[in-house]
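Structure first, commentary second.
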Amino acid sequence: MNNRKVRVRFAPSPTGGLHLGGVRTVLFNYLFAKHHKGEFVLRIEDTDQTRYVAGAEEYINECLRWCGLEPDESPSKGGPYAPYRQSERKALYRQYAEQLVASGHAYYAFDTPEELEDMRVRLKTTENPAPQYNHIVREQMKNSLTLQDSEVQALLAKNTPHVIRIKMPENDTLTFTDMIRGEVSFNTGMVDDKVLLKADGMPTYHLAVVVDDYLMKISHAFRGEEWLPSAPVHILLWKHLGWESEMPEWAHLPLILKPDGNGKLSKRDGDRLGFPVYAMNWTDPRSNEFTKGFRELGFLPEAFVNMLVMLGWNDGTEQEIFSIEELIAKFSMDRVHKAGAKFDFEKAKWFNHQYIHHKDNESLAALLQPMLAEKDVHAGLEFVAQVAGLVKERLYVLSEFWEHSFFFFERPKTYDTGAVVPKWNEAKEKFFTTWLPKLDKLPKQPGAAELEASFKELAAEMQIKVGELQLPFRIMLTGGKFGPPVFDIASTLGVTETQKRIAIGVDTYRKAADTTNA
RNA sequence: GCCGCGUUGGUCAAGGGGUUAAGACGCCUCCCUUUCACGGAGGAAUCACGGGUUCGAUUCCCGUACGUGGUACCA
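So in the working numbering, spot 6 of the first sequence is number 225, and the numbers just go up one at a time.
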């Protein structure tokens, strides 16, 4: 049915930060486009001037850039179908709405907001809590279907504020094929006469998507499931505008749901449950409300993308970790789930953990170094890379780096002496004071193996179990009972620093032991 | 209320008329490591419910329940 060039679009309205569901829609569009060697376009749907938020468009651009899902055509990049901002295309839409009026598929409506409100309260009942402007109600409203032609012309001539509404057929069955859901059908009588062109001359989403998808030669239209109920309106528009043969194939993507309760995931849930919902930090310029993002928390974009793609799609095998190239090669719409997926932050972190664990130390260091600088810790890239190599297997998000590695950059401020002091004795103290000078004989940056050999040799000589000594040594170096293998830490710290920490440690243990015994 | 869409373990999910119903996350136990982590080995689900169809249904059909989306001159 469709062998034309694949062209897909992501069409957000610039009203705030991009949340998980939005990014996933981008991702599916992008993967589909690349898989079919087609084009991915970004179109900004800023037809509602009241909801426009400054900076939101830049945020979207930056977000796509960070994720590595950049469009082939966009407002900032341009392209053969520019402009890509609907506000800049305003003049285009009216003619199509008028065309529909002329062909009898739409009509002028002069009802004021007050009159509409009045209709809704008047018709509201328990059975019908939300009355629609539909094929029955329109008979009693002020529009070009009920008014005399002369009246309509007069109203129009006086520039009376009006909208253009679609005239939904009373009782038709409209069926279309959704790439994910198969055949879906609606009775047209159940859907209301949606506004197509607003009183301010801007199109509503319904008109704008259809016109722009047509004009931009979109071949496949993917969007969230929340759009499924208005699909009949759009399909009718394609038909009545005479473009049916060029209508894109549709796919309505499953929603991403709250982890706990009910409903689709919102940024509120993130605040409530303690995880980000937006891709990147976002501050609303009007309210100054701040919403945290995955990027700043320390997610790697490749992990973020991988985690998102698994929410609603899989390739049918056990594989869960995919590079973007693999995803492009393997992605297909017919393996997308129908049902919504509850978001699981633990699993999301696991993906990130996998990616951090397997990322090379140098790349990690490049990401980590600026985070250290924010703490006023300045360390060379090479050293940060070395430390990263030692601790990366225990990081779930990059922002946890410091708590796992601070002792490489500064001396511990506190010591978990409780774990060693009760068993601390003169023999152990003797061991460390004896070992101290021996370290001078080692190279300044000894390997972990050398250190370990020297340590064990002396322990054997003094007939103390190595295991008894390791924990005290670790706490001298790190302050606590955690971290990479002790000798790796000592090796990274170097002889001089290790000696200093041993000296401080012995002192600390002795004092602690004294006060305990006293 | 009405309309649409959906329903396999706590979560993501594979599978699809006949199976011991994969795997992952999380949880628990054990091994490795006298730290933590990594890495191993195990443990926990009869597929929402009720009717059909069938020799046989978790898989097909119909209902019900539940969930979810829509019901704006918002997208």
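Even for Gly, the Cβ is constructed at its ideal location relative to N, Cα and C.
Query: Enclosing beta strand (DSSP E) for Tyr327 [first to last residue]; Result: 325-328
Query: Collapsed DSSP secondary structure at Tyr312 in the structure displayed; Result: helix
Query: Of the residues Thr510, Ala230, Glu445, the one placed nearest Gln305, counting alpha carbons only; Result: Ala230
Query: Beta-carbon proximity of Glu468 to Met398, cut-off 9 Å; Result: yes
Query: Nearest-angstrom Cβ-Cβ length linking Ala328 and Asn362, presumed shorter than 8 Å; Result: 4 Å
Query: Contact check, Trp621 vs Met590, beta carbons under 9 Å; Result: yes
Query: Test item: CB-CB of Lys663 and Val714 under 9 Å; Result: yes
Query: Closest Cα partner of Val555 within the set Phe251, Met435, Val603; Result: Phe251
Query: CA-to-CA distance, Leu460 to Ile437, given in whole angstroms; Result: 16 Å
Query: First and last residue of the uninterrupted alpha helix (DSSP H) at Leu246; Result: 239-254
Query: Per-residue DSSP class, three states only, for Lys561; Result: strand
Query: Local conformation of Asp534 per DSSP, three classes; Result: coil
Query: For Ser673 and Phe247, the rounded distance between their alpha carbons; Result: 57 Å
Query: Alpha helix (DSSP H) runs contained entirely in the region 252-300, provided each spans 4 or more residues; Result: 275-286
Query: Pro504 burial status per 10 Å Cβ neighbour count (16 or more: buried); Result: exposed
Query: Backbone secondary structure at Met220 - three-state DSSP; Result: Confidence at Met220 is low in this model, with a pLDDT of 46, below 50, so its placement is unreliable and no value can be given for it.
Query: Neighbourhood of Tyr352 by C-beta distance below 6 Å, restricted to the same chain and skipping five residues each side; Result: Asp411, Asp412
Query: Residue(s) in a DSSP beta bridge with Ser404; Result: Thr394
Query: With 16 other Cβ atoms within 10 Å as the buried cut-off, status of Ile694; Result: buried
Query: First and last residue of the uninterrupted beta strand (DSSP E) at Lys414; Result: The sequence given here places Val at residue 414; Lys does not occur at that position. Residues 414-416.
Query: C-beta atoms of Leu655 and Ala722 nearer than 9 Å; Result: yes
Query: Beta-carbon gap between His324 and Leu426 smaller than 9 Å; Result: no
Query: Given Leu704 as reference, the closest of Ala731, Gly637, Ser624 once Cα atoms are compared; Result: Looking at the sequence shown, residue 704 is not Leu but Pro. Considering only alpha carbons, the answer is Ser624.
Query: Residues bridged to Tyr303 (per DSSP); Result: Tyr303 is not bridged to any residue.
Query: Proximity of Arg613 and Trp285 at Cβ, strictly below 9 Å; Result: no
Query: Buried/exposed call for Leu375, threshold 16 Cβ in 10 Å; Result: exposed
Query: Per-residue DSSP class, three states only, for Asn525; Result: helix
Query: Cβ-based burial, Met220 [other Cβ within 10 Å; buried from 16]; Result: Summary for Met220: the model assigns pLDDT 46, below 50, so the residue's position carries little reliability; its value from the coordinates is reported in the next sentence. With fewer than 16 Cβ atoms within 10 Å of its Cβ, Met220 is classed as exposed.
Query: Given 8 Å, three or more beta-carbon pairs between the region 272-287 and the region 414-428; Result: no
Query: Close Cβ partners of Phe692 (< 7 Å) along its chain, the five nearest in sequence each way excluded; Result: Val705
Query: Start and end residues, beta strand (DSSP E) containing Arg226; Result: 226-229
Query: Between the CA atoms of Trp446 and Ile355 - distance to the nearest angstrom; Result: 24 Å
Query: Beta-carbon contacts of Gln526 that lie in its chain and below 6 Å, excluding the five residues immediately before and after; Result: The question names Gln, yet the displayed sequence has Met at residue 526. Correct list, in chain order: Ala567, Phe570.
Query: Arg742 - containing beta strand (DSSP E), residue span; Result: As displayed, the chain neither begins before 220 nor continues past 737, which places residue 742 out of reach and without an answer.
Query: DSSP three-state assignment for Asn353, whether helix, strand or coil; Result: coil
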